[in-house]
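Per full-length UniProt numbering, the sequence shown runs over residues 1 to 455. Here a beta-carbon is modelled for each residue, glycine too, at the ideal position from N, C-alpha and C.
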Amino acid sequence: MDTIIIKSLGGAETVTGSKHLLKTSELNILVDCGLFQGLKSLREQNWKSLNIDIEEIDIVILTHAHLDHCGYIPLLVKNGFKGKIYMTEPTKELAKLILLDSAKLQEEDAEKANYHHYTKHNPAKPLYTVNNAEKSFKQFYTVKENVSIKLSEHIQCRFKTCGHIIGACSVEIVCFDKTIVFSGDIGRNHSAILPPPDFFTKADLLVMESTYGDRLHDNTNLYDSLEHWINFTIKNNGNIIIPSFAVGRAQEVIYILSQLKEQNKIPHDLPIILDSPMAASATDIMLEYAEYTTVDKEKWLEIIDHININREYMNTAEIVHDKQSKIIIAGSGMLTGGRVLEYLKHDIGNSRNTVLIVGFQAEGTRGRALLNDSHELKIHGKYYPVKANIVELTGLSAHADQSELMEWIRKYKNPPQQIMLVHGESSAQEALRVKIQTDLKIPVKILIKDEEVVC
Ligand SMILES: [Zn+2]
């Protein structure tokens, strides 16, 4: 029997930097190639060399286009990776958008650091450039869902939709006589715009995400809660700010808000502003691949027609100072940067306004600080008191909760022989490990970064 080794280079005991290496006698396959985000100690890991010779990696498989899964690709290519990078069509378009944006931000950060001399490195350099990102696109190779692809004589892979964002998939790798499934980020069973996660029937080893391994989402009253907080805020002449990932979440939020208008739950003339060039471009890509959603293209066009989309940064100040109540959707989703900070600087100190948190907030981010009842928020070197209503709506999450993760495992005709947990913070992983072992009697291991495990 052939020896297969799994080794995580990132996304182990944390939710960012996903990079899981499958070493076999025929091929070494890296599943996902993400950037670390959030805490400074994590971000610094992006600058350290990987604990592997990059030329040993033959193939990259990308489950989806979020930065914490694809953001390291330009650096991998820059440092010598020559193989193909497999992904679905929508993932390809979204990954290009996200990587170009990431490269541009890094170039700008390095420029700023050099200009203001706040760098230990002289001169400060970007992690990678726009040019590096563009070069890596040449290695992108698209695949269809539900089709087995032969990677080498004894290794095949197959992608299946996982309902997390458009194009996102779980991946099955059949390797000699073993089947290994990488869950990717698993979506919700009842997303407003995406089909539910598909599943596989057999796995000797399941490498599974555990972001919400210790939590249940509150699904009961998502539309009611949104309706309540929007109407409550506009009655007080306030603004509703929804920090949002540009890809996936922003489009789902737009769809749900349009439903609330259609059902006369919120005023028809309440302006909804999408202030994010990235989200605007991601929306264009979603329109191009509307068949990957559960909403048809005509309906999407009608919805988007009623949204004010702002791409120009010059216009943001004007919208910030506009006195009319409105809903603003802007990035970044965890408040680590982006235009949403301009709105927060203006609005967070006033109890008339409401910040709706609709996505996962990693440790060390401003979003997590708000959820932890922080009394002030530091933005661009200055502290702002937190007086606005801070409301978390977990029903809008793009990640399965504990019960949905358990349900997803139960769908296997033959239960997986072993599960390895990745992509979760320690408390979530520990809770899910115990839950799976107790309820399903499947051995579970929490994968530790750089540890080689023979499977
Ligand atoms: Zn994701």
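Residue interval of the alpha helix (DSSP H) (run including residue i)
{"i": "F140", "result": "Segment F140 to V143 is the beta strand (DSSP E) holding F140; no alpha helix (DSSP H) there."}
{"i": "residue 477", "result": "In this structure the chain extends from 1 to 455, so residue 477 is not present and cannot be described."}
{"i": "L371", "result": "R366 to L371"}
{"i": "T233", "result": "L222 to K235"}
{"i": "K299", "result": "K297 to D305"}
{"i": "L335", "result": "Careful: L335 lies outside any alpha helix (DSSP H) and carries neither H nor E."}
Local conformation of residue i per DSSP, three classes
{"i": "M87", "result": "strand"}
{"i": "G80", "result": "coil"}
{"i": "Q361", "result": "coil"}
{"i": "Y343", "result": "helix"}
{"i": "Q429", "result": "helix"}
{"i": "residue 463", "result": "The shown model of the chain, from 1 to 455, leaves out residue 463, and the question about it has no answer."}
{"i": "E392", "result": "strand"}
{"i": "S403", "result": "helix"}
{"i": "Y313", "result": "helix"}
{"i": "F182", "result": "strand"}
{"i": "I54", "result": "helix"}
{"i": "E451", "result": "coil"}
{"i": "V60", "result": "strand"}
{"i": "N131", "result": "helix"}
{"i": "N308", "result": "strand"}
{"i": "S258", "result": "helix"}
{"i": "S136", "result": "helix"}
{"i": "L67", "result": "helix"}
{"i": "residue 457", "result": "The question about residue 457 has no answer here: the residues shown for the chain are numbered 1 through 455."}
{"i": "L39", "result": "coil"}
{"i": "residue 541", "result": "The shown model of the chain, from 1 to 455, leaves out residue 541, and the question about it has no answer."}
{"i": "S102", "result": "helix"}
{"i": "S281", "result": "helix"}
{"i": "Q263", "result": "coil"}
{"i": "N46", "result": "helix"}
{"i": "Y292", "result": "helix"}
{"i": "A398", "result": "coil"}
{"i": "P123", "result": "coil"}
{"i": "K92", "result": "helix"}
{"i": "P74", "result": "helix"}
{"i": "T201", "result": "coil"}
{"i": "K411", "result": "coil"}
{"i": "L216", "result": "coil"}
{"i": "residue 467", "result": "Lying outside 1 to 455, the shown extent of the chain, residue 467 is not represented and no answer is given."}
{"i": "N146", "result": "coil"}
{"i": "I348", "result": "coil"}
{"i": "Q437", "result": "helix"}
{"i": "Q177", "result": "It is worth fixing the name first, because residue 177 is Asp in this sequence and not Gln. Of the three classes helix, strand and coil, the one that applies to D177 here is coil, per DSSP."}
{"i": "Q251", "result": "helix"}
For residue i, the residue or residues it bridges with in DSSP
{"i": "R158", "result": "E172"}
{"i": "A330", "result": "P243 and D275"}
{"i": "residue 484", "result": "Residue coverage of the chain in this structure runs from 1 to 455, which leaves residue 484 outside it and unanswerable."}
{"i": "M208", "result": "L421"}
{"i": "N28", "result": "K23"}
{"i": "V444", "result": "I419"}
{"i": "I5", "result": "K23 and V454"}
Residue range of the beta strand (DSSP E) that includes residue i
{"i": "Y384", "result": "K382 to P385"}
{"i": "S152", "result": "I149 to S152"}
{"i": "E376", "result": "E376 to I379"}
Handout entry: Pocket of ligand 1 defined by Cβ to heavy atom distance under 5 Å
Key = H66 and D185
**Message:** Below 8 Å, how does it come out for the region 47-55 and the region 101-116: are there three or more Cβ pairs, yes or no?
**Reply:** no
Inspect the CB distances between the region 222-240 and the region 308-328 and report whether three or more fall short of 8 Å. yes
Quick one: any contact between the region 161-170 and the region 183-191, if contact means 3 or more CB pairs under 8 Å? yes
Check: Do the region 62-79 and the region 20-38 touch if we need at least three Cβ pairs shorter than 8 Å?
Finding: yes
ask   = If we count Cβ pairs, one from each stretch, closer than 8 Å, do we get three or more for the region 84-102 versus the region 131-142?
value = yes
Could you check whether the region 427-438 touches the region 197-212, counting it as contact only if at least three pairs of C-beta atoms, one from each stretch, sit closer than 8 Å?
yes
Hey, is the region 275-294 in contact with the region 372-385, meaning 3+ C-beta pairs nearer than 8 Å? no
* Asked: Counting Cβ pairs, one atom from each stretch, are 3 or more of them under 8 Å apart for the region 359-368 and the region 267-274?
  -> no
Pairs of beta-carbons, one from the region 304-318 and one from the region 196-206, closer than 8 Å: are there three or more? no
Checklist entry - Quick one: any contact between the region 330-337 and the region 241-255, if contact means 3 or more CB pairs under 8 Å? => result yes
task: Give a yes or no on contact between the region 287-297 and the region 352-359, applying the rule of three or more CB pairs nearer than 8 Å.
output: no
Tell me, please, whether the region 432-442 touches the region 407-417 by the rule of three or more beta-carbon pairs shorter than 8 Å. yes
Review point. If we count Cβ pairs, one from each stretch, closer than 8 Å, do we get three or more for the region 20-30 versus the region 214-229?
Key: no
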